[in-house]
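K.L.:
Residue numbers (my numbering), protein chains in the order written: chain A, 8 to 310; chain B, 8 to 310; chain C, 8 to 310.
Below is the structure I would like to discuss, written out as structure tokens.
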Amino acid sequence: MRPVIDRRWAPVRQWPYAANNTADWRWEYGYPTFPQLTWSPPPVVNGSAEKGEGTADRQQPLTFVLVHGSWADSSYWDGIAAELRKTGHTVYAPEYPGHGSDPSNEVSHAMMTRSIADFIVSKQLNDIVLVGHSFGGTLIQKTAELIPERIKRLVFLDAFVLKDGESTADELPPATREGFEKLRQSSEHDTIMLPFPLFRETFANLAGLEVVRRLYDKIRPEPAKPLFEKLDLQAFYKLDLPKSYVYLTEDNVLPQGGGYGWHPHMSGRLGLFRLIKGHSDHMTTARTEPGKIAGLLYAAGRD
Amino acid sequence: MRPVIDRRWAPVRQWPYAANNTADWRWEYGYPTFPQLTWSPPPVVNGSAEKGEGTADRQQPLTFVLVHGSWADSSYWDGIAAELRKTGHTVYAPEYPGHGSDPSNEVSHAMMTRSIADFIVSKQLNDIVLVGHSFGGTLIQKTAELIPERIKRLVFLDAFVLKDGESTADELPPATREGFEKLRQSSEHDTIMLPFPLFRETFANLAGLEVVRRLYDKIRPEPAKPLFEKLDLQAFYKLDLPKSYVYLTEDNVLPQGGGYGWHPHMSGRLGLFRLIKGHSDHMTTARTEPGKIAGLLYAAGRD
Amino acid sequence: MRPVIDRRWAPVRQWPYAANNTADWRWEYGYPTFPQLTWSPPPVVNGSAEKGEGTADRQQPLTFVLVHGSWADSSYWDGIAAELRKTGHTVYAPEYPGHGSDPSNEVSHAMMTRSIADFIVSKQLNDIVLVGHSFGGTLIQKTAELIPERIKRLVFLDAFVLKDGESTADELPPATREGFEKLRQSSEHDTIMLPFPLFRETFANLAGLEVVRRLYDKIRPEPAKPLFEKLDLQAFYKLDLPKSYVYLTEDNVLPQGGGYGWHPHMSGRLGLFRLIKGHSDHMTTARTEPGKIAGLLYAAGRD
Numbered sequence: 008m009r010p011v012i013d014r015r016w017a018p019v020r021q022w023p024y025a026a027n028n029t030a031d032w033r034w035e036y037g038y039p040t041f042p043q044l045t046w047s048p049p050p051v052v053n054g055s056a057e058k059g060e061g062t063a064d065r066q067q068p069l070t071f072v073l074v075h076g077s078w079a080d081s082s083y084w085d086g087i088a089a090e091l092r093k094t095g096h097t098v099y100a101p102e103y104p105g106h107g108s109d110p111s112n113e114v115s116h117a118m119m120t121r122s123i124a125d126f127i128v129s130k131q132l133n134d135i136v137l138v139g140h141s142f143g144g145t146l147i148q149k150t151a152e153l154i155p156e157r158i159k160r161l162v163f164l165d166a167f168v169l170k171d172g173e174s175t176a177d178e179l180p181p182a183t184r185e186g187f188e189k190l191r192q193s194s195e196h197d198t199i200m201l202p203f204p205l206f207r208e209t210f211a212n213l214a215g216l217e218v219v220r221r222l223y224d225k226i227r228p229e230p231a232k233p234l235f236e237k238l239d240l241q242a243f244y245k246l247d248l249p250k251s252y253v254y255l256t257e258d259n260v261l262p263q264g265g266g267y268g269w270h271p272h273m274s275g276r277l278g279l280f281r282l283i284k285g286h287s288d289h290m291t292t293a294r295t296e297p298g299k300i301a302g303l304l305y306a307a308g309r310d
Numbered sequence: 008m009r010p011v012i013d014r015r016w017a018p019v020r021q022w023p024y025a026a027n028n029t030a031d032w033r034w035e036y037g038y039p040t041f042p043q044l045t046w047s048p049p050p051v052v053n054g055s056a057e058k059g060e061g062t063a064d065r066q067q068p069l070t071f072v073l074v075h076g077s078w079a080d081s082s083y084w085d086g087i088a089a090e091l092r093k094t095g096h097t098v099y100a101p102e103y104p105g106h107g108s109d110p111s112n113e114v115s116h117a118m119m120t121r122s123i124a125d126f127i128v129s130k131q132l133n134d135i136v137l138v139g140h141s142f143g144g145t146l147i148q149k150t151a152e153l154i155p156e157r158i159k160r161l162v163f164l165d166a167f168v169l170k171d172g173e174s175t176a177d178e179l180p181p182a183t184r185e186g187f188e189k190l191r192q193s194s195e196h197d198t199i200m201l202p203f204p205l206f207r208e209t210f211a212n213l214a215g216l217e218v219v220r221r222l223y224d225k226i227r228p229e230p231a232k233p234l235f236e237k238l239d240l241q242a243f244y245k246l247d248l249p250k251s252y253v254y255l256t257e258d259n260v261l262p263q264g265g266g267y268g269w270h271p272h273m274s275g276r277l278g279l280f281r282l283i284k285g286h287s288d289h290m291t292t293a294r295t296e297p298g299k300i301a302g303l304l305y306a307a308g309r310d
Numbered sequence: 008m009r010p011v012i013d014r015r016w017a018p019v020r021q022w023p024y025a026a027n028n029t030a031d032w033r034w035e036y037g038y039p040t041f042p043q044l045t046w047s048p049p050p051v052v053n054g055s056a057e058k059g060e061g062t063a064d065r066q067q068p069l070t071f072v073l074v075h076g077s078w079a080d081s082s083y084w085d086g087i088a089a090e091l092r093k094t095g096h097t098v099y100a101p102e103y104p105g106h107g108s109d110p111s112n113e114v115s116h117a118m119m120t121r122s123i124a125d126f127i128v129s130k131q132l133n134d135i136v137l138v139g140h141s142f143g144g145t146l147i148q149k150t151a152e153l154i155p156e157r158i159k160r161l162v163f164l165d166a167f168v169l170k171d172g173e174s175t176a177d178e179l180p181p182a183t184r185e186g187f188e189k190l191r192q193s194s195e196h197d198t199i200m201l202p203f204p205l206f207r208e209t210f211a212n213l214a215g216l217e218v219v220r221r222l223y224d225k226i227r228p229e230p231a232k233p234l235f236e237k238l239d240l241q242a243f244y245k246l247d248l249p250k251s252y253v254y255l256t257e258d259n260v261l262p263q264g265g266g267y268g269w270h271p272h273m274s275g276r277l278g279l280f281r282l283i284k285g286h287s288d289h290m291t292t293a294r295t296e297p298g299k300i301a302g303l304l305y306a307a308g309r310d
């Protein structure tokens, strides 16, 4: 005879993902230790099992907060947000200091994170799916430390997942990091402007030239300091939040291998995470096929 | 002048895949030594070269024997088997001890393997395409040792390919293995029940919650012992059988890298093998899109 | 206030890709040093931003020169060339010594390269997109040294990118290399004939048997010497040419990992490159779905 299993509370407390330290990073590709995941199967909130899932009229309504990356502003999300709203979701794409209409270059990582957290609190948002793209991954890591109770799930979209004590620049190959350092030093306002060849070939590789030029013409130099700030992420690695990683398979911004890259290199740091993949480059598919990226974000964000 | 080539008997005997030892595992990602592959181009059994191939009415009829993995039973194959039969194939999905209607937890790896081999012999099956999914890979490795003469080809579907002397647990990252050990120790009948978060995020990442819950509700705790048994696979690595590996690109059960994972980590142990890939997670695409998986199995199993 | 940015001349001169030595190969997966890339956004030559790009009647007209690999001849490109011509491109697929109608096996890598360069010069071709498939990658590396001024971009299609001083054979796993060496020694005319199992499983894994046989029947033994020649590529690594790598995700000719493989292993040597991916095996998708491969080559070759 087999024992009766309480499926709502399957024995996750003993699970090693629940270990309460982050000192052991030996298994970067695997499942490093991570705080306990005690969540049980959530109830099905709409629809029945008889009908097919995933159709537009049957999606579980979610509240998305979308955080863009470097050399971008909140308009990066316009097409994706419109697609998500069409399928019944609530979407916010807060701007943060040093971007969009804010001309300041005197910004820090903490100012950015605080701004995002303040936005979420001021709007009284709860149960949010907090999405970070690229550098935005580092911002949602820190935002999660500030307001974990408001977050339903973290979603990293080809986003940096930094180790405790790391900076974004630490995750760049040495030649790229040195290049950015030189661009920074030669700038007047401690910024970094993306050289066109780098943007065209590694951020925008799937797009035609007209789209690439249009997007490049809108790029403002990125405030450099936050990219080089080392982040204290001890609290992040003690959080007990569900996490997803969306890997865009044609993303060419980072080399994929040799100790670099989005997946499995950085995704593996999340401990237990949901994996979603899609054909997309780093920057342009979000503009040319926003519905595709919206679909990936829903698959990543739902319960 | 070039020599006349006997194409039916291309010089495969000298091929190093034909080396007769398995001691040298240095090239795990590559082509380790493997017994000789002396097969020559098989005759085309149906259809002509004028018509397109791959259409449903033109498939080479195959006999599939499908072996499921852990936390599953033979109903795992229902949809896939139906699709394969529709296109003219013969399909068997034998149940093995400790699964399906058998409530026993007192099972060994050898009992499982023997049961599968006995099934094949009792049905007088020959020229079979023997497919293993997940833990089922270890079962077809051992089954192949028992009845190699009945097997046309081995197909591993995101399946474990163990080295000689390994257990399935040896291929898990340390944190996962320790987690399974704790679950095993805290069970009453030496079983392991999958925690829901682990199932949802890594076995069922592409499915909607309703599908995930429906599948999770059917899962029985898995007898633990066979997962930890070290297997003698010396005979397997001397077999001369064609092999295919089907890699499901969204499978999140194992980390893909750092010395773990389905492909190329375990596939590379097969020596010469045919590679087929498809978008699928570990457990649910077989249910939600069985025709897709059936198509992958045909592409993997045909001559 | 932010500085005005001259976007046509973004600061690429300081970029470390511009470093003028290739000695440091430590970051093979990443961005090794590479000559400077001074190109700026090219003008849009046809069409306006209002209409969608990428449609057949809106492609930027390109001149492709297509260089096939081993165990092939220029007919490898027939279907792809026809598709490219349909969309307005000019396409050449020169044959080189030891292949096609040339029965000689007494060929060297330099003879092949010289033949391709002579073809391009004799046709007075300029601004070409020079594409190499497989072994053809090594040929376009050397051709680029001879006539860099005629090349608009190099495109590697699951092609070898050799390091300075390497041979093609150096990029094969030891067991494969030894196998080729034995086949070479046992041949009468210093050639290597592909064993059928190797061709079927690793070059032609996605095709049905009829296609595989038809293609295999046309294969001539490959002159062995050029595969084992060490190439001086110092000049190549000083060239300032845009480059793309097209990675075919089901290509099973080389293991993908453990220090071998097309991408990111060899692609990473290109320094800054554009990444394009597609579902295809090494040899047969070019025949069964030439329009798909043509689309990848256009995406790789356009400005």
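No residue lacks a Cβ here, since even glycine has one placed at the ideal position from N, Cα and C.
My assumption, with CB atoms under 8 Å, is that residue 173 of chain B sits in contact with residue 245 of chain B. Please give the rounded CB distance.
P.N.:
That belief does not hold up - the Cβ atoms of residue 173 of chain B and residue 245 of chain B are roughly 17 Å apart, past 8 Å.
K.L.:
Please name the residues in the segment 250-279 of chain A whose beta-carbon is closer than 9 Å to at least one beta-carbon of chain C, in chain order.
P.N.:
Within the segment 250-279 of chain A, the qualifying residues are 256, 257, 258, 259, 261, 262, 263, 264, 265, 266, 267 and 268.
K.L.:
Which residues in chain A sit within 7 Å of residue 152 of chain B, going by Cβ to Cβ distance?
P.N.:
The contacting residues do not exist; residue 152 of chain B stays about 30 Å from chain A at best.
K.L.:
With distances taken Cα to Cα, identify the nearest neighbour of residue 69 of chain C among C/233, C/129, C/78 and C/161.
P.N.:
It is C/161.
K.L.:
Within 10 angstroms of its Cβ, does residue 255 of chain B collect 16 or more other Cβ (buried), or is it exposed?
P.N.:
So residue 255 of chain B ends up on the buried side.
K.L.:
Which residues mark the beginning and the end of the beta strand (DSSP E) in which residue 140 of chain B is found?
P.N.:
Per DSSP, residue 140 of chain B belongs to the beta strand (DSSP E) from 135-140.
K.L.:
From this set, B/179, B/159 and B/158, which residue's C-alpha is nearest residue 168 of chain B's C-alpha?
P.N.:
That would be B/179, whose Cα lies nearest to the Cα of residue 168 of chain B.
K.L.:
If we ignore side chains and look at the alpha-carbon of each, how far apart do residue 86 of chain A and residue 243 of chain A end up?
P.N.:
C-alpha separation (whole angstroms): 30 Å.
K.L.:
Please name the residue, chosen from B/309, B/188, B/308 and B/285, that lies closest to residue 299 of chain B on a Cα-to-Cα basis.
P.N.:
The shortest C-alpha separation from residue 299 of chain B is found at B/285.
K.L.:
What does DSSP give as the partner residue(s) for residue 264 of chain B in the beta ladder?
P.N.:
B/267.
K.L.:
Is there a Cβ of chain A sitting closer than 7 Å to that of residue 208 of chain B, yes or no?
P.N.:
By this cut-off, residue 208 of chain B is an interface position.
K.L.:
How long is the line joining the alpha carbons of residue 149 of chain A and residue 240 of chain A, rounded to whole angstroms?
P.N.:
The alpha-carbon atoms of residue 149 of chain A and residue 240 of chain A are separated by roughly 7 Å.
K.L.:
Of all the residues that make up the segment 80-112 of chain C, which are near chain B by a beta-carbon distance shorter than 9 Å?
P.N.:
Taking 9 Å as the Cβ-Cβ cut-off against chain B, the residues of the segment 80-112 of chain C that qualify are 110 and 112.
K.L.:
Looking only at its chain, what residues have a beta carbon closer than 7 Å to the beta carbon of residue 182 of chain C, apart from the 5 residues adjacent to it on each side?
P.N.:
Nothing meets the Cβ criterion.
K.L.:
Listed in chain order, which residues of the segment 214-244 of chain B have Cβ atoms closer than 7 Å to some Cβ of chain A?
P.N.:
Cβ contacts with chain A come from 215, 216, 217, 218, 220, 221, 223, 224, 227 and 228.
K.L.:
How is residue 103 of chain B classed by DSSP in three states: helix, strand or coil?
P.N.:
Three-state result, residue 103 of chain B: coil.
K.L.:
Of the choices C/137, C/202 and C/269, whose alpha-carbon is the least far from that of residue 289 of chain C?
P.N.:
Ranking the options by Cα distance to residue 289 of chain C, first place goes to C/269.
K.L.:
Indicate whether at least one CB of chain B lies closer than 7 Å to the CB of residue 281 of chain A.
P.N.:
So, interface residue.
K.L.:
Tell me whether the segment 258-268 of chain B and the segment 207-221 of chain B touch, counting them as touching only if at least three CB pairs, one residue from each stretch, are closer than 8 Å.
P.N.:
Judged by Cβ distances under 8 Å, the segment 258-268 of chain B makes contact with the segment 207-221 of chain B, as three or more pairs qualify.
K.L.:
Under the assumption that residue 77 of chain B contacts residue 234 of chain B (Cβ atoms under 8 Å), give the Cβ distance between them as a whole number of angstroms.
P.N.:
Contact holds; Cβ gap of about 7 Å.
K.L.:
Would you call residue 66 of chain B buried or exposed, if buried means 16 or more other Cβ atoms sit within 10 Å of its Cβ?
P.N.:
Classification for residue 66 of chain B: buried.
K.L.:
To the nearest angstrom, how far is it from the Cα of residue 130 of chain A to the Cα of residue 218 of chain A?
P.N.:
Rounded to the nearest angstrom, the two C-alpha atoms are 34 Å apart.
K.L.:
Measuring straight from C-alpha to C-alpha, what distance separates residue 274 of chain B and residue 265 of chain A?
P.N.:
Near 20 Å, if we compare the C-alpha coordinates of residue 265 of chain A and residue 274 of chain B.
K.L.:
What does residue 5 of chain C touch in chain A if you count any residue whose Cβ is under 8 Å from its own?
P.N.:
One cannot answer for residue 5 of chain C here, as it falls past the ends of chain C, which runs 8 to 310.
K.L.:
Thinking C-beta only, is residue 118 of chain A closer than 7 Å to residue 101 of chain A?
P.N.:
For residue 101 of chain A and residue 118 of chain A, no; Cβs fall outside 7 Å.
K.L.:
Leaving aside the five residues before and after residue 116 of chain A along the sequence, list all residues of the same chain whose C-beta is less than 6 Å from its C-beta, in chain order.
P.N.:
Taken in chain order, the residues that qualify are 233 and 236.
K.L.:
Of the choices C/84, C/204, C/230 and C/231, whose alpha-carbon is the least far from that of residue 220 of chain C?
P.N.:
The option with the nearest alpha carbon to residue 220 of chain C is C/204.
K.L.:
Does the beta carbon of residue 284 of chain C sit closer than 7 Å to a beta carbon anywhere in chain A?
P.N.:
Closer than 7 Å: yes.
K.L.:
Among C/199, C/170, C/191 and C/89, which residue has its Cα nearest to the Cα of residue 296 of chain C?
P.N.:
The option with the nearest alpha carbon to residue 296 of chain C is C/89.
K.L.:
If the cut is a Cβ gap below 8 Å, which residues of chain B does residue 73 of chain C touch?
P.N.:
Going along chain B, no residue has its Cβ under 8 Å from residue 73 of chain C, so there is no contact; the nearest lies around 25 Å.
K.L.:
Return the chain-ordered ranges of every alpha helix (DSSP H) run that is complete within the segment 65-134 of chain B and spans a minimum of 4 residues.
P.N.:
If we require 4 residues or more, the alpha helix (DSSP H) runs fully inside the segment 65-134 of chain B come out as 85-93 and 116-129.
K.L.:
If you follow the beta strand (DSSP E) that residue 158 of chain A is part of, which residue opens it and which one closes it?
P.N.:
Residues 158-164.
K.L.:
Using a Cβ-Cβ distance cut-off of 7 Å, determine whether residue 212 of chain C contacts chain B.
P.N.:
Yes, residue 212 of chain C counts as interfacial toward chain B.
K.L.:
Give the residues from the segment 164-177 of chain B that approach chain C closer than 7 Å (Cβ to any Cβ), ordered along the chain.
P.N.:
Listed in sequence order: no entries.
K.L.:
Roughly how far, in whole angstroms, is the beta-carbon of residue 132 of chain A from the beta-carbon of residue 74 of chain A, given that I think they are within contact range, below 8 Å?
P.N.:
Actually they do not touch by this definition, with Cβ atoms about 13 Å apart.
K.L.:
Is it buried or exposed, residue 228 of chain C, if we count other Cβ atoms within 10 angstroms and call 16 or more buried?
P.N.:
The residue in question, residue 228 of chain C, is buried, as its Cβ has 16 or more Cβ neighbours within 10 Å.
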